[in-house]
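Numbering (my numbering), first residue to last: 711 to 913.
Scroll down for the structure; my scribbles are underneath it.
This is the structure we're talking about:
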């Protein structure tokens, strides 16, 4: 009987060892298979997020680019402020010039009337001509100059057409009459010249 018990104990141990070995085999199936990944690098990247971050050289390059853009933006703002300040100085006299041009227009009308009257008012006409000339010279000293109109090709940027007429002396699209003289301050039009534009010879 003792021999039988010994045999039973041995068979139990053998069965237990086989069961344990089966568990080991089953557990080994649960281990991550490296070959199931596309590459070993993919496994490394998944297990080490630091490798997905930009390198130090890339970070330095990005910071340099951001710094250059910031400097460019600051320089553009500085230029715009300087340009606006210069424009304020250049065109500070614009309201005054607009008012003076009304006086200039009245002088021109007086001169036209005196020239039309003729006779004993010749001396007065000459005096008014001198005043008109002095007026234009003074405006020119402050960079306010008359706009060329008579005989010039019509330019909507500096001319304002009040009428169109046929003409034997002027080609189509050319200013044939200057009704009101225009002026510009530096490169800005204070007021356009009011003109009559030729349509060419009458058919």
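Yeah, the Cβ is synthetic: ideal placement off N, Cα and C, and Gly gets one too.
Since we're looking at a predicted model, the values are computed, not measured.
Out of 802, 893 and 878, which one is the CA nearest neighbour of residue 867? The residue labelled residue 867 in the question sits at position 157 within the chain shown. Looking at the Cα atoms, 893 is the closest of the given residues.
Cross-strand partners of residue 913 (DSSP beta bridge): Numbered from its first residue, the chain shown carries residue 913 at position 203. Paired residue(s): none; residue 913 is not in a bridge.
Other residues of its chain near residue 889: CB distance less than 7 Å, five sequence neighbours each side excluded: Against the chain shown, residue 889 aligns to sequence position 179. So the qualifying residues of the chain are 872, 904, 905 and 906.
Return the chain-ordered list of same chain residues with a C-beta closer than 7 Å to the C-beta of residue 895, the five sequence neighbours on each side being excluded. Locating residue 895 in the chain shown gives position 185, where the first residue counts as 1. Once the five neighbours on either side are set aside, the close Cβ partners of residue 895 are 801, 804, 807, 853 and 854.
At what residue ranges does the segment 794 to 834 contain a whole run of the alpha helix (DSSP H), taking only runs of 4 or more? 804 to 827
Output the distance between the C-alpha atoms of residue 841 and residue 891, rounded to the nearest integer angstrom. Position 131 of the chain shown, counted from the first residue, corresponds to residue 841. Position 181 of the chain shown, counted from the first residue, corresponds to residue 891. For residue 841 and residue 891, the distance between alpha carbons rounds to 16 Å.
Could you give the distance in angstroms between the alpha-carbon of residue 909 and the alpha-carbon of residue 879? Taking the first residue of the chain shown as position 1, residue 909 is located at position 199. Taking the first residue of the chain shown as position 1, residue 879 is located at position 169. The alpha-carbon atoms of residue 909 and residue 879 are separated by roughly 11 Å.
Candidates 795, 901 and 819: which alpha carbon is nearest residue 858's? Taking the first residue of the chain shown as 1, we reach residue 858 at position 148. Looking at the Cα atoms, 901 is the closest of the given residues.
Nonlocal neighbours in the same chain, by C-beta distance under 6 Å from residue 876, ignoring five residues either side: Here the question's residue 876 lines up with position 166 in the chain shown. For residue 876, where only same-chain residues beyond five positions count, the Cβ hits under 6 Å are 909 and 912.
Consider the C-beta atom of residue 913 and the heavy atoms of the ligand ATP; say whether any pair is separated by less than 7 Å. This structure does not include the ligand ATP; it has no bound ligands of any sort.
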